[in-house]
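A short worksheet on the structure shown next.
In our numbering, the protein residues as written are 30 to 449.
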């Protein structure tokens, strides 16, 4: 039996079960939801088990409450296959008032009309992603995001060099890939994309979708990763590069399907009130849940990344945003970005639960740190600090070796030292 690799959501899940009747762990396939849930669950049902499908179908049609019988906490893996279990859990929690009774996992959002009740106050949601570099052991965790938010001094040396970063981007944060040697570890993401195109996008909500068109959309998203690309650009890209006609409603449907599968994520523009009257760009940035998917979709090799460091920088940003989201979620913080009509941009704005904020620039190489620091200082002067206060921190998140605090107070943090 494989040794369990601890995840950042472990403590969050345990805490939620202390004050909620049930917790739903959502996230893309293969990110480790079921494995994490089984560390706590004392009984479970795998709704994807084909040997028990007839039995589950009968229970679903006759007496759904039978699903709930078992030692608690009870786990329902891929619960959306039998959505009736949601309302059964809600009713049971209403009647008993007990906490920590059920865990659900889901890699696809169910039909909107398949459940009767939202579950508010009974079922808490927890989003899980592929592993961060700290979880996979590639970040030594010498620098804590919590310490930065609390304005503490930091320092550290990363042992993740450029080649290690390239490997992390190509391999991705898929737990299964960590135990695979050689080039086979890069095939996990490739198989994921094949499964997505052959089955996932066509079965997520019962709507038949064209795999070739979805593949073209995914390629356009991957080529524009970590940018605020418009839907018009994606449509033009698909038509020009792949000679595939796609209507706007069809594109909206395809993007929605990718969201429901937790593959596509948006980073929205900041709502910080700025002194500048320059209008904000409102298009969200497109991010894939893991940079390895973009590598697989575009069929890129190591040499491709080394030859095109500009594009590799966008992939690095995707990796950093994946990790930042994982760390931010654990402390109830949110992420956005800033870009105005003059193309002045800050890659990431972190806002805490109490409304305080920090700004982050993401740069692959050490040679970009100084320019990034100047950009952060310029942005600080644009913010209405009378209303929103001074920033908790300004940070350059980089692939370079060292983590330290500059004389001007800006944090320089190597992604290979960062943890939650």
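Idealized CB from N, CA, C, for every residue including glycine.
Nearest-angstrom beta carbon gap, residue j and residue i [assumed within contact, 8 Å]
i	j	result
residue 378	residue 388	6 Å
residue 47	residue 101	About 13 Å separates the two Cβ atoms, so there is no contact after all.
residue 426	residue 444	6 Å
residue 83	residue 42	No, residue 83 and residue 42 are not in contact; Cβ-Cβ is about 32 Å, not under 8 Å.
residue 131	residue 51	4 Å
residue 315	residue 256	7 Å
residue 327	residue 251	5 Å
residue 283	residue 238	7 Å
residue 391	residue 376	5 Å
residue 299	residue 366	6 Å
residue 289	residue 81	So it is not a contact: roughly 25 Å between Cβ atoms.
residue 171	residue 446	4 Å
residue 195	residue 331	6 Å
Proximal residues to residue i (C-beta, below 8 Å), its chain only, five neighbours per side dropped
i	result
residue 36	61, 65, 157, 160 and 164
residue 151	49, 50, 51, 118, 119, 122 and 123
residue 175	360 and 449
residue 103	70, 71, 72, 73, 74, 97, 130, 131 and 132
residue 357	174, 363, 364 and 379
residue 45	52, 153 and 155
residue 31	208
Those residues which DSSP pairs with residue i across a bridge
i	result
residue 386	380
residue 13	The structure shown has nothing for residue 13, since the chain only spans 30 to 449.
residue 422	387
residue 392	427
residue 155	54
residue 105	74 and 133
residue 363	380
residue 185	432
residue 294	316
residue 442	426
Neighbourhood of residue i by C-beta distance below 6 Å, restricted to the same chain and skipping five residues each side
i	result
residue 273	242, 245 and 267
residue 134	54, 62, 63, 66 and 106
residue 325	218, 219 and 222
residue 34	none
residue 295	313
residue 287	293
residue 271	245
Contact set for residue i: own chain, Cβ-Cβ below 7 Å, skip 5 residues either direction
i	result
residue 93	113, 114 and 117
residue 205	59 and 217
residue 291	55, 56, 57, 136 and 318
residue 182	434
residue 260	277 and 280
residue 143	Residue placement at residue 143 is flagged as unreliable, the pLDDT there being 49, under the threshold of 50; the coordinate-derived value follows with that caveat. Here the set comprises 112.
residue 154	53 and 55
residue 420	386, 387, 388 and 409
residue 401	390, 392 and 425
residue 192	none
Environment of residue i [buried if 16+ CB atoms lie within 10 Å]
i	result
residue 396	exposed
residue 162	buried
residue 382	exposed
residue 199	buried
residue 228	exposed
residue 77	exposed
residue 180	exposed
residue 336	exposed
residue 87	exposed
residue 190	exposed
residue 341	buried
residue 167	buried
residue 40	exposed
residue 254	buried
residue 457	Because residue 457 is not part of the residues shown, which for the chain are 30 to 449, the question remains open.
residue 269	exposed
residue 230	buried
residue 248	buried
Q) On the three-pair Cβ rule with 8 Å, is the stretch 316–325 touching the stretch 260–267? A) Contact fails: fewer than three Cβ-Cβ distances are below 8 Å.
Q) Does the stretch 337–357 come close enough to the stretch 208–228 to have 3 or more Cβ pairs within less than 8 Å? A) No: the two stretches stay apart, fewer than three of their Cβ pairs being nearer than 8 Å.
Q | the stretch 429–446 / the stretch 185–204 touching (three or more Cβ pairs under 8 Å) | A | Counting C-beta pairs with one atom in each stretch, the stretch 429–446 and the stretch 185–204 have three or more that are closer than 8 Å, which means they touch.
Q. Would you call the stretch 435–442 and the stretch 402–409 touching, i.e. three or more CB-CB distances under 8 Å?
A. By the Cβ test, the stretch 435–442 is in contact with the stretch 402–409, since at least three Cβ pairs between them sit closer than 8 Å.
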